[in-house]
Amino acid sequence: VQLQASGGGLVQAGGSLRLSCVAAGAIFSINVMGWYRQAPGKQRELVAAIFRGGRTNYADSLEGRFTISRNNAKNTVYLQMTSLKPEDTATYYCAAAYSTNWEGALWGQGTLVTVSS
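Residue numbers (the working numbering): -13 to 103.
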C-alpha cells in the first residue's frame, strides 16, 4: 500500500486546512487509516483514525476541532482542521494498518502544517 499525503501549508491561527491522503495498492485488507503528527522535539502522536466500519477516534487534546472522513470511491482519507492553533504546528503523516492496533503500520510522507500566531 502506498500513501500520498497532501494539503499542508502555512495558515494563521484560527484558520483551517484540509489534508488529503490517497491510498493505492492492496487496500482491501486495510482496517484503519488515520493521521499522526510530530512536532519538533516531540514524539509522534495519533491525531485521528477512521476504521473500516466507519468508527472514528480522536486525540483528546483536539477539543473537537478536527474531523476525519473518507471517500471510498477515491481511496482517500481527509483531515479537516479548523480553529488551528500554533501548537498544531507539526509534520502530519498519513498512516494505514491491517491491524486495528496499528501494528505494522504503513506510512506516507509527511506534510508540514505551520500555524502562525
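Just so you know, even glycine gets a beta-carbon here, dropped at the ideal spot from N, CA and C.
The beta-bridge partner set that DSSP reports for F52 consists of M67. When only Cα atoms are considered, F37 and G90 end up about 16 Å apart. At a Cβ-Cβ threshold of 8 Å, T97 and V8 do not count as neighbours. Within its own chain, the residues whose Cβ lies closer than 6 Å to the Cβ of A10, once the five positions on either side in sequence are excluded, are Q(-12), listed in chain order. 8 Å or more divides the Cβ of Y22 from the Cβ of Y84.
Of the candidates G40, G20, G39, R41, G20 places its Cα closest to the Cα of E31.
The Cβ atoms of S6 and S15 do not sit closer than 8 Å to each other. For the pair K71 and V101, the CB atoms are nearer than the 8 Å cut-off. Assignment of I16 by DSSP, reduced to helix, strand and coil, places it in the coil class. Per DSSP, reduced to three states, the secondary structure at N43 is strand. Selection V18, S47, N87 evaluated against S55 yields V18 as nearest (Cα-Cα).
In this structure, DSSP gives A25 a state outside helix and strand, which the three-state scheme calls coil.
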